[in-house]
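If you want the numbering used here, it's the 1-based position in the sequence shown plus 1.
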Amino acid sequence: MRRCIVLLILFLLTPFTAAQKKALSLNDIFVEGGTPGPLPQEGKWSPDGKAYSYILRSPDGSKGDLWALNPVTGATRILIDNAVLSQLNPNIDKTIKDEREKERLTRYSVAGYIWSPDSRHILFTSSGHLYLYDLDSKAARSFLPDLGGVKDPKFSPDGKWISFVKDFDIWIAPAAGGKPRQLTKGGSKNVLNGDLDWVYPEELDVRTGYHWSPDSRHIVFLQLDQTDVGETPIVDFIPKPHAIVEMQKYPKAGGKNPKPRVGLVDLDGKQSWVDVAAEYIPRIEWADAKTVALQLLNRHQNELELVLFSIEPRTLQRVLKEREKEWVNVKDDLRFLSGEKILWGSERDGFNHLYIYRRDGKLVRQVTKGNWEVTALNSVDDPNGWIYFTASEKSPIERHAYRIHLDGSGMQRLSQDNASHSVSMDPTNSYYINTVSALLMPPQYSCVKVSDSSSTVFFKPKALDDFDLITPEIVDLKADGGAPIRLMILKPPQAAETSPPGPSATATERKFPVLVYIYGGPHAPVINNAYSGERFLWHQWMAHRGYAVAYIDDRTSAIPGHRYETALYKKFGFTELKDHRESVKYLKSLPYVDGDRVGLWGWSGGGYTTCFNMCNAGDLFKVGVAVAPLTDFEDYDTIWTERYMGLPQENKKAYEESSAPTHAAKLAGKLLLIHGTSDDNVHIQNSIQMAQKLIDAGKIFDIFLYPRKTHSISGTATRRHLYQKITDYFDQYLRR
């Protein structure tokens, strides 16, 4: 095994000495607004590119103003102050009591406001009602005040209409005022017209179920018929005297999926259907005013087809098909270029790169290439021949901004520091918002002028320089076959500063317990040179309290490319554990590590890894904490599970072997299961079934529940309670 240790230098040394720095506390970490203070939210460019708007809240998060940046001057101003904004877009945490609705809005980035096409009005959604704000008159009016239950509003491209979803159907109303009109018919709890179920947003990143044509004459929409989809109860145990049970439509692995269909409706309500069939239709968009682009995915998710549907005349053209032995990752790398060309993302060479095709399906060229990933397609400036994208070319743990000519020449990295960047291009490709952060640097926001790369920082949060924080060490290992394994280590300050980071130090120094944080699974790295908030700061706090903290990314999660993540196909758990063994072997070689006191914890998929490893690697791990764990793949949804495990009907033995409860009798250490009772993502069924198998095997374990909490177990006070509970558990069973 080849070892390479790199010290990650994240920022210049500050003038403070260690003695002057403040010790981090739980109160510093779990504070309203976050340790660095509130960050800009819901950033959007106005359609004319003359303003970038964002919501900025007060330090305690209770109030917010809508700000606007002028990209030319770099000046910022309050566009709509809190006195008005609080009525139009209230603070989610303060006004929405339902935990699952909060989760939906935040997890899926549901828009609270949208710009009108003329950039003179802003439409707000508040508790199912719409409000239209006039930027010239600085006045707001209720839009359709008698109509509630409205969601997913949009302006038509010409600005004459406002569309929305209500009661599972698509409606429109004149933007200037007038009666609303229902366009689609037959929507219900089981038949969603332009509305979305649970699984499409969660596993396919679909954010809307309908799209206006560029000429504002038609709407193409996704219909999901979930009549045959199984239901899971979500129980609220708090009300007296009887609990409240809500049945959630949720397709479990091997079960019935919602049946997708693509519809087309005009402004008079004339409706028709596109003659395509697929298990999943993960992407729908307009190629031009007369052509709809559809991406069709099969049940096994190893064939993704791009088809073009012409509405005048009604014809269907099959353009290209991606095929993989394991699975195809659905992305957002499709753009339509001049000259009847298409920009398309593909992982066919083991890494996600950009390709140009003709509309007849003939490959023109590969644009980007190398042993790195294009992680986001930011914009295409077709007239000037540039593609703007984000990629891992500089480092697998960083994301940087790039541009390249359409012909594949002249690739330039636009960001030069050691950090991670995300980019939001303006509609004219003249400016972009650059959000940059690093492990020890909260995000700061700047506006960059494309023509000369000049930039203006318009928001900088409170720095963490006052706190005594540990600079992590990044360790790259090579598994069998050259597969990458990556560790990030926080060395406790109490360890001898003179100790080298390998096994050659003296054996007399003090030994510390190890706290391993893990996920383990495709496209889910835990090691990124980007600010990750309270979880990373809690790990810092634990390191200062005398734990060596280690993050582990095995070959499936280290993000070198699709080439390596497929190693777990149809055998979840085993390949990852093999890499985790190599990682712990390295950790035990460190002179300050007590190899007999290694703890493990993770959340969601990391909760699965924790349960699986605690039952299959008792020689490695003494204590485990699994938060919201997926324990049995038959309990999880079709799309995510079958993508990696196949269908249980075809792969029953692998499902059983990969299930954590199957191995419950082998539990050797202490295990704590934590779950929110209202988790509609990873149902509490997972923890209950794991508990039953442990009981059947005579194993002693612990379980802790958070009433009414969903998958994120959110809320400042709740999070503090959660991390204190995890801390106490490791202190009790891992420290001496």
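Just so it is clear, CB atoms sit at the ideal spot from N, CA and C, and this is done for glycine as well. Model, not experiment: these values are computed from the prediction.
* Taking DSSP as the reference, what is the three-state secondary structure of Ser-189? -> In the structure shown, Ser-189 sits in coil (DSSP, three-state: anything other than H, G, I, E or B).
* Per DSSP, Thr-728 is paired with what? -> Beta bridge pairing from DSSP links Thr-728 with no other residue.
* Asked: From which residue to which residue does the beta strand (DSSP E) around Pro-485 run?
  -> Start and end: 485–491.
* To do: Output the residue ranges of the beta strand (DSSP E) runs that lie fully inside the stretch 18–68 and measure 3 residues or longer, sorted by chain position.
  => Those beta strand (DSSP E) runs which fall completely within the stretch 18–68 and span 3+ residues are 42–46 and 53–58.
* Should the stretch 587–599 be called in touch with the stretch 673–693, which here means at least 3 C-beta pairs below 8 Å? -> Counting C-beta pairs closer than 8 Å gives fewer than three between the stretch 587–599 and the stretch 673–693, which falls short of the contact rule.
* As assigned by DSSP and simplified to three states, the class of Asp-269 -> Here Asp-269 sits in coil by DSSP.
* To do: Starting from the Cα of Glu-323, find the closest Cα among Phe-468, Ala-531, Asn-652 and Gly-351 and give me that residue.
  => Relative to the Cα of Glu-323, the nearest Cα in the group Phe-468, Ala-531, Asn-652 and Gly-351 belongs to Gly-351.
* Asked: Do we get a CB-CB distance below 8 Å when we pair Thr-233 with the residues of chain D?
  -> Looking at the structure shown, chain D is missing, and only one protein chain is on hand.
* Asked: Between which two residues does the alpha helix (DSSP H) harbouring His-578 extend?
  -> The question names His, yet the displayed sequence has Leu at residue 578. Counting along the chain, the alpha helix (DSSP H) containing Leu-578 begins and ends at 575–589.
* Which word fits Thr-509, buried or exposed, when buried means at least 16 other C-beta atoms lie within 10 angstroms of its C-beta? -> Its pLDDT being 46, under 50, Thr-509 is placed unreliably by the model, and the measurement read from it follows with that caveat. Exposed: under 16 other Cβ atoms inside 10 Å.
* **Residue closest to Val-329, alpha-carbon to alpha-carbon, out of Ser-347, Glu-341 and Gly-75** => Of the candidates Ser-347, Glu-341 and Gly-75, the one whose C-alpha sits nearest the C-alpha of Val-329 is Ser-347.
* Asked: Below 8 Å between beta carbons: does that hold for Pro-493 and Tyr-548?
  -> In this structure, the beta-carbon distance from Pro-493 to Tyr-548 falls below 8 Å.
* Asked: Got a sec? Which residues, its chain only, sit under 7 Å from Trp-539 by beta carbon, not counting five neighbours each side?
  -> Excluding residues within five positions, the ones whose Cβ falls inside 7 Å are Ile-30 and Tyr-724.
* To do: Count the other CB atoms, across all protein chains shown, that sit within 10 Å of the CB of Thr-632; report buried if there are 16 or more and exposed otherwise.
  => Classification for Thr-632: buried.
* For Ile-285, does the three-state DSSP call read helix, strand or coil? -> Secondary structure at Ile-285: strand, using DSSP grouped into helix, strand and coil.
* Asked: Can the beta-carbon of Glu-313 be found closer than 8 Å to that of Lys-332?
  -> In this structure, Lys-332 does not lie closer than 8 Å to Glu-313 by Cβ.
* To do: Please report how far the alpha carbon of Lys-152 lies from the alpha carbon of Arg-121, in whole angstroms.
  => Distance between the alpha carbons of Lys-152 and Arg-121 is about 22 Å.
* Beta-carbon separation (whole angstroms), Tyr-358 vs Val-320, contact threshold 8 Å -> Their Cβ separation, rounded to whole angstroms, is 7 Å, which keeps Tyr-358 and Val-320 in contact under 8 Å.
* Asked: Helix or strand or just coil, what does DSSP make of Lys-370?
  -> Note: Lys-370 maps to coil in three-state DSSP.
* **Burial state of Ile-696 (16 or more Cβ within 10 Å)** => Looking at its Cβ environment, which holds fewer than 16 other Cβ atoms inside 10 Å, Ile-696 is exposed.
* Using 10 angstroms around the beta-carbon of Met-691, count the other beta-carbons present and answer buried if the total reaches 16, otherwise exposed. => That one is buried.
* To do: Check Trp-604 in the structure and name its three-state DSSP category.
  => Correct three-state label for Trp-604: strand.
* To do: Please classify Trp-274: is it buried, with 16 or more other beta-carbons within 10 angstroms of its beta-carbon, or exposed?
  => It counts as exposed.
* Asked: Are Arg-556 and Ala-480 touching if we call contact CB-CB under 8 Å?
  -> Going by beta carbons, Arg-556 and Ala-480 fall inside the 8 Å limit.
* To do: Please name the residue, chosen from Val-599, Asp-229 and Asp-703, that lies closest to Phe-513 on a Cα-to-Cα basis.
  => Of the candidates Val-599, Asp-229 and Asp-703, the one whose C-alpha sits nearest the C-alpha of Phe-513 is Val-599.
* **Distance between Asp-620 and Gly-702 (C-alpha atoms, nearest Å)** => Note that residue 702 is Phe in the sequence shown, not Gly. Between the alpha carbons of Phe-702 and Asp-620 lies a gap of roughly 17 Å.
* Nearest to Pro-158 by CA position, among Ala-177, Asp-119 and Met-543, is which residue? -> The residue with the shortest Cα to Cα distance from Pro-158 is Asp-119.
* To do: Kindly indicate which three-state DSSP category Tyr-656 falls into: helix, strand or coil?
  => Three-state DSSP puts Tyr-656 in a helix.
* Asked: According to the Cβ coordinates, are Phe-779 and Ile-675 closer than 8 Å?
  -> Since the displayed the chain opens at 2 and closes at 737, residue 779 lies outside it and no answer follows.
* To do: Select from Ala-464, His-545 and Lys-450 the residue whose C-alpha is nearest the C-alpha of Gln-495.
  => If we check each option's Cα against that of Gln-495, His-545 comes out closest.
* Near Tyr-799, what residues of its chain come up, given a Cβ to Cβ distance below 6 Å and the 5 sequence neighbours on each side ignored? -> Limits of the chain in this structure are 2 at one end and 737 at the other, which puts residue 799 out of reach.
* Asked: So, using beta-carbon positions, are Leu-601 and Val-476 closer together than 8 Å?
  -> No, Cβ-Cβ distance for Leu-601 and Val-476 is not below 8 Å.
* Determine the direct distance from the alpha carbon of Gly-670 to that of Met-615, and round the result to whole angstroms. => So the two alpha carbons sit approximately 7 Å from each other.
* In the stretch 316–381, which residue ranges form an unbroken beta strand (DSSP E) of at least 3 residues, counting only runs that do not cross its ends? -> Taking only runs of at least 3 residues, the beta strand (DSSP E) segments lying wholly in the stretch 316–381 are 336–338, 342–347, 354–359 and 364–367.
* Asked: Does the Cβ-Cβ distance between Gln-302 and Arg-284 come in under 8 Å?
  -> Result no, Cβ atoms of Gln-302 and Arg-284 do not sit closer than 8 Å.
* Exposed or buried, what is Asn-28 when buried is set at 16 or more other beta-carbons lying within 10 Å of its beta-carbon? -> Only exposed fits Asn-28, as fewer than 16 other CB atoms lie within 10 angstroms of its CB.
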